[in-house]
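Here the structure comes first, spelled out in C-alpha cells, and everything after it is commentary.
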Amino acid sequence: MNERYQAQSIEDKWQKLWADEQAFRAIEDPGKPKYYVLEMFPYPSGRIHMGHVRNYSIGDVVARYKRMRGFNVLHPMGWDAFGLPAENAAIERKVHPEIWTQENILYMKTQLKRMGLSYDWEREIATCQPEYYRWNQWIFLQFYKKGLAYKKSSFVNWCPSCETVLANEQVIDGACWRCDSTVVQKELEQWFFRITDYADELLDDLDQLSGWPEKVLTMQRNWIGKSIGAEIDFPLVDADGALKIFTTRPDTIFGATFISLAVEHPLAMPLSAGTAQEKAVKLFIERFRKISQAQRAAAEEEKEGVFTGAYCRNPFTGENIPIYLANFVLMEYGTGAVMAVPAHDQRDFEFAKKYSLPIRVVIHPKDKQLSADVLSEAYVDEGVMRDSGEFSGTANVAGKEKIAVFAEANGFGKKAIRFRLRDWGVSRQRYWGTPIPIVYCNTCGVVPVPEDHLPVELPKDVPFSGKGGSPLQESAAFNRVECPKCGGAARRETDTMDTFVDSSWYYLRYTSPDFARAPVDVSRGRYWMAVDQYIGGVEHAVLHLLYARFFTKALRDIGLTHVDEPFTNLLTQGMVSKETYRCVEHGWLFPNELAGAEKGGGLCPHCGRTVDKGRVEKMSKSKKNIIDPEDLITAYGADTARLFTLFAAPPEKDLEWSDQGVEGAYRFLNRLWRFVYQHRALGSAKSETTADEVDLELRDLRRAIHRTIKKVSDDIDGRFHFNTAIAAIMELFNSLSAVAQDPLKRAAATTIISEGLDAIILLLAPFVPHVASELWQQLGHHERLDRVAWPSYSEAALEEEQLLIVVQVNGKVRGKMTVPAEITQEQIESGALADAKVMSFCEGKKIKRLVYVPRRLINIVVEG
RNA sequence: GCCCGGAUGGUGGAAUAGGUAGACACAAGGGACUUAAAAUCCCUCGGUGCGAAAGCGCUGUGCCGGUUCGAGUCCGGCUCCGGGCACCA
Numbered sequence: 003m004n005e006r007y008q009a010q011s012i013e014d015k016w017q018k019l020w021a022d023e024q025a026f027r028a029i030e031d032p033g034k035p036k037y038y039v040l041e042m043f044p045y046p047s048g049r050i051h052m053g054h055v056r057n058y059s060i061g062d063v064v065a066r067y068k069r070m071r072g073f074n075v076l077h078p079m080g081w082d083a084f085g086l087p088a089e090n091a092a093i094e095r096k097v098h099p100e101i102w103t104q105e106n107i108l109y110m111k112t113q114l115k116r117m118g119l120s121y122d123w124e125r126e127i128a129t130c131q132p133e134y135y136r137w138n139q140w141i142f143l144q145f146y147k148k149g150l151a152y153k154k155s156s157f158v159n160w161c162p163s164c165e166t167v168l169a170n171e172q173v174i175d176g177a178c179w180r181c182d183s184t185v186v187q188k189e190l191e192q193w194f195f196r197i198t199d200y201a202d203e204l205l206d207d208l209d210q211l212s213g214w215p216e217k218v219l220t221m222q223r224n225w226i227g228k229s230i231g232a233e234i235d236f237p238l239v240d241a242d243g244a245l246k247i248f249t250t251r252p253d254t255i256f257g258a259t260f261i262s263l264a265v266e267h268p269l270a271m272p273l274s275a276g277t278a279q280e281k282a283v284k285l286f287i288e289r290f291r292k293i294s295q296a297q298r299a300a301a302e303e304e305k306e307g308v309f310t311g312a313y314c315r316n317p318f319t320g321e322n323i324p325i326y327l328a329n330f331v332l333m334e335y336g337t338g339a340v341m342a343v344p345a346h347d348q349r350d351f352e353f354a355k356k357y358s359l360p361i362r363v364v365i366h367p368k369d370k371q372l373s374a375d376v377l378s379e380a381y382v383d384e385g386v387m388r389d390s391g392e393f394s395g396t397a398n399v400a401g402k403e404k405i406a407v408f409a410e411a412n413g414f415g416k417k418a419i420r421f422r423l424r425d426w427g428v429s430r431q432r433y434w435g436t437p438i439p440i441v442y443c444n445t446c447g448v449v450p451v452p453e454d455h456l457p458v459e460l461p462k463d464v465p466f467s468g469k470g471g472s473p474l475q476e477s478a479a480f481n482r483v484e485c486p487k488c489g490g491a492a493r494r495e496t497d498t499m500d501t502f503v504d505s506s507w508y509y510l511r512y513t514s515p516d517f518a519r520a521p522v523d524v525s526r527g528r529y530w531m532a533v534d535q536y537i538g539g540v541e542h543a544v545l546h547l548l549y550a551r552f553f554t555k556a557l558r559d560i561g562l563t564h565v566d567e568p569f570t571n572l573l574t575q576g577m578v579s580k581e582t583y584r585c586v587e588h589g590w591l592f593p594n595e596l597a598g599a600e601k602g603g604g605l606c607p608h609c610g611r612t613v614d615k616g617r618v619e620k621m622s623k624s625k626k627n628i629i630d631p632e633d634l635i636t637a638y639g640a641d642t643a644r645l646f647t648l649f650a651a652p653p654e655k656d657l658e659w660s661d662q663g664v665e666g667a668y669r670f671l672n673r674l675w676r677f678v679y680q681h682r683a684l685g686s687a688k689s690e691t692t693a694d695e696v697d698l699e700l701r702d703l704r705r706a707i708h709r710t711i712k713k714v715s716d717d718i719d720g721r722f723h724f725n726t727a728i729a730a731i732m733e734l735f736n737s738l739s740a741v742a743q744d745p746l747k748r749a750a751a752t753t754i755i756s757e758g759l760d761a762i763i764l765l766l767a768p769f770v771p772h773v774a775s776e777l778w779q780q781l782g783h784h785e786r787l788d789r790v791a792w793p794s795y796s797e798a799a800l801e802e803e804q805l806l807i808v809v810q811v812n813g814k815v816r817g818k819m820t821v822p823a824e825i826t827q828e829q830i831e832s833g834a835l836a837d838a839k840v841m842s843f844c845e846g847k848k849i850k851r852l853v854y855v856p857r858r859l860i861n862i863v864v865e866g
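This is how it looks when you write it as C-alpha cells:
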C-alpha cells in the first residue's frame with residue numbers, strides 16, 4: 003500500500019476492473035426486487051459540465067446504495083443526440099452533424115467513465131441512430147392511425163433565429179427556450195400530437211405522484227389549466243347563426259353588456275361587412291394580427307378595441323348588445339369570443355370605462371349593495387345574484403350551475419370544460435431530427451409510410467447553408483418517392499420531429515434496447531417499469547416531464563407498457579453556481595484564472611482596473627464562471643469531485659462552487675487514506691482487556707458506529723440528505739481517530755477500530771467508490787466492495803447505557819445530568835431537584851409542576 | 001396580480017416527531033512540528049456583559065404578535081429574496 007493517496011491510479015484501476023467484469027450489467031431476474039434509477043440523459047454538446055457531474059453523482063449514489071441493499075438495479079445512460087447545435091456546427095464548421103455528434107458522444111463517454119459512474123453501458127442508446135428513431139416513426143404511425151397525430155394549418159410560434167416552429171412549452175416569456183430570440187407568429191401546416199385528449203388524465207394522475215416535488219406538480223397543474231364553465235350561444239341580430247362564447251362565470255350573464263372577439267375570430271370581418279365600421283375593423287385587425295399574443299401581453303398594452311357595427315342578443319336578458327373586437331382576447335382559448343361583464347371582470351371593466359359601455363352590477367356582497375356609478379374596480383368575489391330574473395337571490399356559486407343547466411335545457415348552451423393545454427406541435431423545419439414518416443401523393447393525398455418501410459433514414463448528402471428552411475427539401479433523392487399506395491409520383495414530408503419526441507419514451511427503450519420488433523419488449527418493460535427514481539433539472543418541469551407522461555399513457559393505450567405514470571419518484575436537483583469576476587470600471591466578466599481574482603483582487607487585462615467579485619450566478623460560458631469537471635478530476639480525482647458536490651448542499655438546493663470546499667473534500671479522503679495506511683494491520687489484531695472506564699468509552703464508540711450506519715441509511719433512503727450522511731461519516735471518523743490517537747486506548751481498541759473502519763468504508767462506498775474499493779481491499783477483504791452488502795445495525799447495539807438528561811427551569815437549560823439508562827422518572831425528578839445550580843433558579847418560588855420528556859429532558863415549571 | 005419555495009454564525013449548511021440552536025465542513029485567529037515554507041496535528045471561534053481564570057449571566061434562527069411548561073419548528077399578520085404562471089374570460 004502506498005503511503006500517499008493517489009487518486010489517478012486508484013481510479014484507473016477500479017474503472018478498468020468494473021468494465022472488465024461488467025460489474026454493473028443489469029439482467030432481468032424475477033427472483034430479485036428491481037430498482038430502476040435514471041438521470042435525464044444528456045445532449046452530447048461536447049464536454050460534460052458541473053451540472054452533469056452533480057446530476058450523475060446523485061444518481062450513482064442511489065444506484066450503488068440500492069445494489070448493496072440487494073436490489074437488481076437498472077442504471078442506464080444514453081444520448082439525447084438530435085438537435086440544433088449539431089446542425090449549427092455543420093453550418094459554421096462544415097462538419098456533418100452526425101460526425102460532430104458521434105465525436106461528442108465518444109468524448110463525453112470517456113469523461114463519464116472517468117467519474118466512475120455505475121452504468122450498464124450495454125444498454126446505451128443514442129436517439130440519432132436509425133435503430134432508435136425508427137421507433138419514433140413507428141409510434142408516429144400508431145398515433146396517426148388513432149388520430150393522435152394530425153396535421154392542421156394554424157398560427158404557430160416561429161423562432162426566426164432557429165428558423166423553426168416551437169411548441170407552446172418551448173416559448174418562455176415570448177422568447178425561444180434555446181436562443182432567447184423573440185418568437186413571432188406564422189401560419190403554417192404542421193403536425194400535432196393530440197395531447198389534449200389526455201388533459202384530464204394528465205391532470206388527475208398528478209394526485210398519485212406523491213413522490214414528486216409539490217412545485218413541479220403545481221407547475222403542471224397550472225400548465226394544463228382546467229377551467230369549468232359554460233358555452234352559451236348569443237344569437238346574431240341582422241344575421242343568421244350565433245356567437246358561441248365560453249365563460250367560467252355564467253352566474254354573471256345578466257350583467258353582460260357587450261361581446262369581445264379576438265382579432266383572429268373568423269366572424270370579425272363578416273360581421274362588420276357593409277357597416278360604417280368596416281374600415282376601422284379592417285385597420286384594427288391588420289394592426290394587431292402581426293403581433294404575437296406573447297408580445298401583446300409582454301408590452302402590457304392598454305386594452306383597445308373597435309366596434310364591429312354588429313349586435314347580438316343576450317339570451318337571458320333578451321337585449322341587443324354590441325360586438326367589439328378587443329386586443330386582449332385570445333383566439334386559441336375558449337371560442338375566441340367572450341361575453342363581457344364589466345362589473346365583475348377587471349379587463350371588461352377597464353374596457354367599458356374606456357369606450358363608455360354600460361356597467362351593470364348583478365352580484366352583490368352579502369352585506370352590502372354595490373352601485374355601478376361608484377365602482378372603482380370590478381367586483382370579483384362571491385356574493386348573491388341580483389337583477390338576474392328568476393335567478394335573483396341565488397348564491398352566485400350555485401348560480402353558475404343553474405345558468406348552465408337552464409341554457410342547456412333551452413337549447414342555447416351547455417356546461418363546458420376548457421384547458422389551457424394545447425396540442426403539441428411536433429413539426430420542425432430542421433435536418434437533424436427524426437424524419438416524419440409521411441408521403442404526399444398527387445392522387446392519394448397524405449399517405450403514411452408503411453411500417454415495413456421503416457426507418458425513413460435521414461439522407462446524408464444534404465447541404466448545410468444556414469439559409470433556413472429544412473435542408474431535407476434540398477435532397478432530391480429523399481424528396482422524390484413513389485406513393486406507397488398507388489405507386490405514382492409523390493414527395494416526402496421534409497419536416498422532422500421535435501427532439502422532445504425522442505426523450506418522451508427513451509426510459510422505456512432502456513428496458514430492452516436491442517429489441518427489434520417494437521419500441522419496447524413488453525415483458526422486459528413489465529419487469530423494469532416504472533422508473534423508481536428519476537433525477538434531473540427542474541427546467542423540464544412542464545416540457546419533458548409532461549410529454550413523457552403523455553407518451554406513457556398513449557403507449558399504454560396501444561399496449562406497450564402497463565404503467566400509467568413513467569416516474570414514481572422525481573428529484574429535481576438544484577443548479578451549480580459560482581461567483582463571477584468583473585472589471586470595476588467596465589463590468590466585463592473574466593474567468594477567475596484570467597482575472598487572478600481568486601487570490602482576491604486581480605487586474606483587468608484590458609484596462610488595468612481592479613477585478614472584483616460579482617454576483618453568484620449559474621455556471622455558464624457567458625458568465626465566464628465555469629469550472630471544467632475534467633480539470634477538477636485531473637487535479638483531485640473523481641472521488642473528490644463527487645464528494646464535494648454531494649457534501650456542499652442538499653441535492654435539491656442550488657450548489658455554490660467553492661474551491662476551498664473541494665480542498666476540504668480532498669483533505670478528508672487523504673486523512674482517511676493515511677489512517678488506513680497506519681492501521682491496515684489491525685484486521686487480525688485482538689484487543690487487550692482494559693480498565694472499566696476505557697471499556698465504557700469503547701462501548702460508546704461501538705454505539706456510535708451503529709448509530710452512524712442507521713443515520714446514513716436513513717439519510718440516503720428516500721430522504722436524499724447526502725450532505726448529512728457524509729457529515730455523519732466524518733463525525734464517526736473523527737471519533738475513531740481520537741481513540742486511535744490515544745496510545746492508552748489504542749491497544750484496547752483494535753477490534754473496535756477495525757469494525758469502525760470497515761463500517762466507514764462501506765458507508766462511503768456509494769459516494770466515493772474508487773477510494774473506498776481500494777481501502778476495502780487494502781484492509782484485507784477479498785470480495786469486491788461493490789459486491790458487498792450494505793452494513794446493518796442492531797437495535798441492541800444502539801441501546802444507550804447512559805442518558806444525558808437536560809434540566810430546564812421554565813424552559814431554559816440550567817443543568818445536565820448523566821444517568822444510567824434504566825433510571826426511573828422519580829429518580830430523575832429528585833436528582834434534578836437536588837442539583838444546587840438548578841435549585842438556585844427555583845429559590846423562593848413555588849414549583850408548579852414537572853414536565854418529563856422520557857430519556858431527554860425534564861422541565862421544572864416555577865411561579866413568576 | 002396569482003401560485004409555489006425560502007430567510008439560521010464571517011461562509012456552505014445541521015437540528016427527521018414542539019424538547020440542549022449552530023452538527024459536519026470552509027474561512028479566520030492562535031499554537032506545535034520545521035533552519036524556513038508546504039503538508040500535518042492541536043486549540044479557539046454567534047453577539048454581549050462579569051471574571052485573573054475556571055466559569056457564570058443575558059441575548060440570539062428576517063420583523064410583529066399568539067399558542068405552549070417549552071417555538072428555528074405550530075398559528076395569525078407583515079418585510080425581503082428566489083422560482084413559476086400571467087390579459088385563459
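The opening position of the first sequence corresponds to residue 3 in the working numbering, with each subsequent residue numbered one higher. Cβ coordinates follow ideal geometry from the N, Cα and C atoms, glycine included.
First and last residue of the beta strand (DSSP E) that includes residue i?
i	result
residue 226	Careful: residue 226 lies outside any beta strand (DSSP E), inside the alpha helix (DSSP H) at 216 to 226.
How is the alpha helix (DSSP H) around residue i delimited, first residue to last?
i	result
residue 401	398 to 411
residue 795	Taken as a continuous stretch (DSSP letters only), residue 795 belongs to no alpha helix (DSSP H), as it is neither H nor E.
residue 109	99 to 116
residue 148	132 to 148
residue 125	Run containing residue 125: none; DSSP gives neither H nor E here.
residue 87	86 to 95
residue 627	That residue, residue 627, is in no alpha helix (DSSP H); it is neither H nor E in DSSP.
residue 642	640 to 649
For residue i, which residues in the same chain have their Cβ closer than 6 Å to its Cβ, ignoring the five residues on either side in sequence?
i	result
residue 668	638, 642
residue 4	none
residue 777	678, 763
residue 704	754
residue 20	none
residue 476	464, 465
residue 543	218, 221
Near residue i, what residues of its chain come up, given a Cβ to Cβ distance below 8 Å and the 5 sequence neighbours on each side ignored?
i	result
residue 664	634, 638, 642, 643, 646
Between the Cα of residue i and those of the options, spot the shortest distance and give me the residue it belongs to.
i	options	result
residue 766	356, 173, 788, 578	788
residue 87	97, 78, 114, 453	97
residue 670	66, 729, 837, 277	729
residue 625	591, 655, 658, 434	591
residue 722	53, 675, 523, 68	68
residue 821	560, 814, 808, 490	808
residue 784	795, 569, 760, 806	760
residue 795	73, 255, 44, 712	712
residue 183	196, 404, 167	167
residue 576	745, 653, 608, 388	653
Report the CB separation of residue i from residue j in whole angstroms; it is logged as a contact under 8 Å.
i	j	result
residue 30	residue 61	Not a contact, Cβ separation roughly 21 Å.
residue 247	residue 117	That belief does not hold up - the Cβ atoms of residue 247 and residue 117 are roughly 58 Å apart, past 8 Å.
To which residues of the same chain is residue i closer than 7 Å at the C-beta, ignoring the five residues directly before and after it?
i	result
residue 352	305
Discussion item. So, does the region 405 to 419 touch the region 225 to 236, judging by three or more C-beta pairs under 8 Å?
Written reply: yes
When you compare the region 552 to 563 with the region 197 to 209, are there three or more beta-carbon pairs, one atom per stretch, that lie closer than 8 Å? yes
_Three CB pairs or more closer than 8 Å across the region 493 to 508 and the region 77 to 93_ = yes
* Asked: When the Cβ atoms of the region 256 to 272 are set against those of the region 317 to 334, are three or more pairs found closer than 8 Å?
  -> yes
#### Entry: Stretch-stretch touch, CB-based, cutoff 8 Å, three pairs: the region 438 to 449 with the region 478 to 489
yes
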